[in-house]
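> Let me give you the structure first, and then I'll get to my questions.
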Amino acid sequence: MGKYSDRNRTMIFLLSIFSACSVLAASPTIQQPDSVTFNSILVSADYASDNIVYGNLNTTVSQPCFSSVFSYASRSGMEATAGYSLIDNSDTSLNKATHQYDFTLGYRFSFPLDLYLSGSYTRFFYSKNTTTLRSTFDHQMELDAGYSGKFADVSASAFYLIGNTGEFFLSLQNSYNFSIDNFPFRNVSTGFMPGVFTILSSQQFYNEYLLNQFLQHPVYYMYRWRLMGYTKEQIKAMLLEEKKFTFTSFMASVPVCFSWKNFMLTGGITFLKPLNQPSFINDNWVVMYNFNLSYMLLW
Numbered sequence: 160m161g162k163y164s165d166r167n168r169t170m171i172f173l174l175s176i177f178s179a180c181s182v183l184a185a186s187p188t189i190q191q192p193d194s195v196t197f198n199s200i201l202v203s204a205d206y207a208s209d210n211i212v213y214g215n216l217n218t219t220v221s222q223p224c225f226s227s228v229f230s231y232a233s234r235s236g237m238e239a240t241a242g243y244s245l246i247d248n249s250d251t252s253l254n255k256a257t258h259q260y261d262f263t264l265g266y267r268f269s270f271p272l273d274l275y276l277s278g279s280y281t282r283f284f285y286s287k288n289t290t291t292l293r294s295t296f297d298h299q300m301e302l303d304a305g306y307s308g309k310f311a312d313v314s315a316s317a318f319y320l321i322g323n324t325g326e327f328f329l330s331l332q333n334s335y336n337f338s339i340d341n342f343p344f345r346n347v348s349t350g351f352m353p354g355v356f357t358i359l360s361s362q363q364f365y366n367e368y369l370l371n372q373f374l375q376h377p378v379y380y381m382y383r384w385r386l387m388g389y390t391k392e393q394i395k396a397m398l399l400e401e402k403k404f405t406f407t408s409f410m411a412s413v414p415v416c417f418s419w420k421n422f423m424l425t426g427g428i429t430f431l432k433p434l435n436q437p438s439f440i441n442d443n444w445v446v447m448y449n450f451n452l453s454y455m456l457l458w
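First residue of the sequence shown: 160, per the working numbering; consecutive thereafter.
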């Protein structure tokens with residue numbers, strides 16, 4: 160399989176991460192089933208109109224996200240990523256930007272029939288003004304398994320995050336990909352990869368965050384959540400109730416990627432639907448836009 164085909168694999172990877180910075184919170188790593196063929200370096204810059212935190216979205220203000228990623232994947236299967244994100248309106252006052260740095264080291268095993276298994280560890284660093292919700296976790300361990308074929312990608316990712324508390328997440332992804340060569344210009348390949356993602360968790364950390372916010376400003380949150388008819392103790396009981404492990408969000412993305420030589424430009428739209436949220440939290444559909452410019456080097 161030649162470099163052009165391997166470049167298409169990475170183009171598919173760029174489309175698959177099209178979900179407002181990422182499905183959880185870390186910068187994505189290069190995921191190439193054919194990485195045994197080449198070493199690769201990917202440098203990427205990304206803008207998203209809003210930002211997802213562990214499958215949740217702040218519905219009070221939009222939080223545009225600017226991020227950059229430097230990723231290396233060796234033919235032996237080792238992968239390393241360094242990422243930086245600037246998230247607007249994400250401090251405690253919801254009107255100033257915060258910063259996030261993350262570093263990931265992992266290893267990927269490729270198997271016949273386009274199957275793969277990978278594991279990674281990520282360390283997060285946050286600016287001091289970052290909200291409690293975002294900075295809850297400092298460490299992430301991830302295990303991925305899936306199938307990455309010519310026209311379809313199906314995978315499951317298990318995440319365990321550690322920090323002020325521990326939380327387990329499960330992410331399921333399914334996408335289809337196809338490309339058109341020499342369109343819309345000569346030597347340009349246009350790729351499409353509509354996909355769906357869903358996240359499962361107990362969201363206990365999210366309820367603890369909401370409880371902390373409520374205890375600091377009870378009257379404000381009673382009004383905001385439209386719970387003026389409830390007592391403070393009743394609201395506390397609602398937030399302290401043990402949560403079941405279940406689906407917490409669903410995402411559908413429709414990205415388009417233009418690939419020319421070693422450059423890739425991606426743009427598109429993502430739809431997010433919160434699931435099984437507390438009854439007083441807004442669970443309407445949210446629409447986000449994303450643009451990504453990347454350069455890839457193979458040898």
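Positions of the beta carbon are idealized from the N, C-alpha and C atoms, including for glycine.
Starting from Y389, trace the beta strand (DSSP E) both ways and give me its first and last residue.
No beta strand (DSSP E) contains Y389, which DSSP labels as neither H nor E.
> Check whether the region 366-376 touches the region 348-355, taking contact to mean three or more Cβ pairs, one atom from each stretch, closer than 8 Å.
Touching, no.
> Check each candidate in C224, L264 and Q222 and name the one with the smallest Cα separation from T240.
L264
> Would the beta-carbon of T324 fall within 8 Å of that of F364?
Against a cut-off of 8 Å, the Cβ pair of F364 and T324 comes out as a contact.
> Helix, strand or coil for P343? Go by DSSP, reduced to three states.
coil
> If Y266 sits next to M237, beta carbons under 8 Å apart, how far is it from one beta carbon to the other, in whole angstroms?
6 Å
> Going by C-alpha to C-alpha distance, which of S235, S221, P271 and G242 sits closest to V228?
G242
> At what residues does the beta strand (DSSP E) containing N451 begin and finish?
V445 to L457
> What are the uninterrupted segments assigned as beta strand (DSSP E) that are 3 or more residues long and contained completely in the region 243-325, given in chain order?
257-270, 274-285, 296-307 and 311-322
> Taking 8 Å as the threshold, find out whether the region 414-429 comes into contact with the region 385-401 through three or more Cβ pairs.
Taking a contact to require three or more Cβ pairs closer than 8 Å, the region 414-429 and the region 385-401 do not qualify as touching.
> Return helix, strand or coil for N333, following the three-state DSSP convention.
strand
> Roughly how many angstroms lie between the CA atoms of F268 and N254, to the nearest whole one?
43 Å
> E326: buried (16+ other C-beta within 10 angstroms of its C-beta) or exposed?
buried
> Compute the beta-carbon to beta-carbon distance between A304 and S314, rounded to the nearest angstrom, for a pair I have assumed lies under 8 Å.
7 Å
> Beta-carbon within less than 7 Å of V446's beta-carbon, same chain only, minus the 5 sequence neighbours each way: which residues are those?
For V446, where only same-chain residues beyond five positions count, the Cβ hits under 7 Å are I428 and F430.
> Distance, Cα to Cα, S360 vs L434?
11 Å
> On the criterion of 16 or more Cβ atoms from any shown chain inside 10 Å, does Q393 qualify as buried, or is it exposed?
exposed
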